[in-house]
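What follows is a set of notes on a single structure, which appears directly below.
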Amino acid sequence: MTRGNVLIVGGGIGGLSTAIAVRLAGYDVTVVEKQADVHSSVYGVGIIQPINALRALDAIGCADACIAAGYPATAWGSMYDVEGAFVRDMPGTLIEGSDLPPLNGLTRPKLHEILTSRATEVGVVIRYSTTCEELENGPDAVLVRYPDGSTETYDLVVGADGVRSQVRRHVLDAELQPRYIGQSAYRVNIPREPEIDRIILQGGPAGMAGFVPIGPDLAYLFFNAHMERSARPADADLLNALRSHLAPFGGLTGRVRDALDDSSVVVLRPEETLIAPAPWHRGRIVLVGDAVHAITPHLGQGAAQAIEDGVVLADALAKHDDLEAAFVEYTARRYERCKLIVETSLAIAQWEMGELETFDNVGATNRVLAAMAQPI
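Sequential numbering of the sequence shown, starting at 12, is according to our numbering.
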């Protein structure tokens, strides 16, 4: 017997993870995704899965598939200077009683395939090329109106539609939007060099370069560039712009820079930050993921927190017959944890841009990793 029917708006990492978790908690679940299929809804290159992300994925039956398809690292990372000389190790954090690695790297398309397959397996209905036009948040149900004029009713609606969320206006009074932090991230897939067996960070005079393993033979290079949003190079110029940013580097970054060629597909994404005030619900509508906490990539926690949101929301729904009580518990368990990640990730970015000269990047990273290993 079903506990109710749930609509999840958004078929990204947070939406699919929430769909699986809520379905496993006994609800009928439908996901609507505006993109045409699973592949067109995937943005970016690769993804970092810290141990807390793997724990949450394990709760929805996806961790083993992610580890099998990715690169499970035995340590979190290492730091090097601009010339490539070793500076410091960052071993990461383990979870007592768990054999999960401190880090797994994975391509984003593969993660979406795993989540989509698992969602379908447990009975989630996914409808592509679909989104809602309006929500009427009633006392007994949410009336969902679609662009073609058709309507449906659901017991609750989850807004998992990202940083530009359209569902968010139904929950928060203010028209909240993310803030561009003055930094954008270049990323490009490369063959994995043997030393890329964890996150490799190399600090330069004008930004941080780094590498993440995302498969036995695959890694990605990233560079966090300080720039005005309006100064974004044209797509055709991204490769040369990245090479220019990497010109001062020796060591691994220098070797990889010199090996980049015209076939290299470079992605450049603005880095934005947002933490929505609590509560994260109103009536029968609740928000998860980037809709309430947009996280810069400096701790690799954006997707991890979205996945955790889904697991915690499902757990709270399973414990309470009253939706209000479930939503209050969900936000109470998530808010401070997500706020810590948002604020620390932003501080690391500010340090990289020269705004926090005395900030301890490695110390802050280690403290957050230890905090994230605590129960959710």
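Backbone N, C-alpha and C define an ideal beta-carbon position, used for all residues, glycine too. It should be emphasised that the depicted structure is a prediction, and the values quoted were computed from it without experimental measurement.
- Between VAL353 and ILE296, the CB-CB gap reaches or exceeds 8 Å.
- Contact check for ALA329 and ALA36: beta-carbon distance about 4 Å, within the 8 Å limit, so the pair qualifies.
- Going by DSSP, THR118 is part of the beta strand (DSSP E) stretching over 114–118.
- THR142 is a Cβ neighbour of LYS45, given a cutoff of 8 Å.
- In this structure, the beta-carbon distance from LEU229 to ARG203 falls below 8 Å.
- Under a 10 Å Cβ-count criterion, GLY149 is classified as exposed, with fewer than 16 other Cβ atoms of the shown protein chains found around its own Cβ.
- Non-local C-beta neighbours of VAL56 in its own chain, meaning closer than 6 Å and more than five positions away in sequence, comprise ARG198, ASN200, TYR231 and VAL278, ordered along the chain.
- Secondary structure of THR284 (DSSP, three-state): strand.
- Secondary structure within the region 296–322: not one fully enclosed alpha helix (DSSP H) run of 4 or more consecutive residues is present.
- In its chain, beyond the 5 residues on either side, THR164, TYR165, ASP166 and ARG295 have a beta carbon closer than 8 Å to the beta carbon of ALA152.
- Each residue's CA atom was taken as its position, placing LEU250 and ASP333 some 53 Å apart.
- Cβ-Cβ distances below 7 Å link VAL373 to MET90, ARG99 and MET101 in the same chain, with the five nearest sequence neighbours on each side left out; the list follows chain order.
- For GLU94, the closest of ALA242, LEU257, ALA245 and LYS350 by C-alpha to C-alpha distance is LEU257.
- Of the candidates GLY22, ILE359 and GLU363, GLY22 places its Cα closest to the Cα of SER176.
- Between the C-alpha atoms of ALA381 and ASP184 there is a straight-line separation of about 35 Å.
- By the criterion of a C-beta distance shorter than 7 Å, TYR82 is surrounded in its chain by ASN115, GLY116, PRO224, ILE225, GLY226 and PRO227, once the five residues flanking it on both sides are discounted.
- Secondary structure note for ALA30: its alpha helix (DSSP H) is the uninterrupted segment 24–35.
- Between ALA84 and PRO113 the beta-carbon gap is near 7 Å, inside 8 Å, which marks them as a contact.
- Looking at CYS349, PHE97 and VAL299, the one whose alpha-carbon comes closest to that of LEU27 is VAL299.
- If you draw a 10 Å sphere on the C-beta of ALA336, you find fewer than 16 other C-beta atoms in it, and that means exposed.
- For ASP92, the closest alpha carbon among the candidates ALA79, PRO259, PRO205 and ASP246 is that of PRO259.
- For the options ALA64, ASP39 and ALA270, the alpha carbon positioned closest to that of ALA384 is the one of ALA64.
- As a beta-bridge residue in DSSP terms, GLU147 pairs with LEU154.
- Its chain contains ILE19, VAL20, GLY21, GLY23, GLY25, GLY26, THR29, VAL299, GLY300 and ALA302 as the residues whose beta carbon lies nearer than 7 Å to that of ALA171, once the 5 sequence neighbours on both sides are disregarded; these appear in chain order.
- For ALA236, the enclosing beta strand (DSSP E) starts and ends at 229–237.
- In this structure, PRO290 is the residue among HIS331, PRO290, PRO189 and GLY173 with its C-alpha nearest to the C-alpha of TYR346.
- Across the set PRO158, SER241, GLY214 and ASP159, the C-alpha of SER241 shows the shortest separation from the C-alpha of SER195.
- Spanning the alpha carbons of VAL178 and GLY313 requires a straight line of approximately 19 Å.
- Counting only the Cα atoms, PHE370 lies some 8 Å from ALA358.
- Under DSSP, THR41 shares a beta bridge with LEU18 and VAL136.
- Taking 8 Å as the cut-off, the beta carbon of ARG190 is found closer than this to the beta carbon of THR284.
- The beta strand (DSSP E) runs lying completely inside the region 42–100 and spanning 3 residues or more are 57–61, 82–84 and 88–91, given in chain order.
- The beta carbon of THR41 is closer than 6 Å to those of LEU18 and VAL136 in its chain, skipping five residues each way along the sequence.
- For GLN361, the uninterrupted alpha helix (DSSP H) segment begins and ends at 334–363.
- For MET383, the secondary structure class from DSSP, reduced to helix, strand or coil, is helix.
- Distance from the Cα of ARG138 is smallest, within the candidate group ALA47, GLU368, ASN235 and ARG268, for ALA47.
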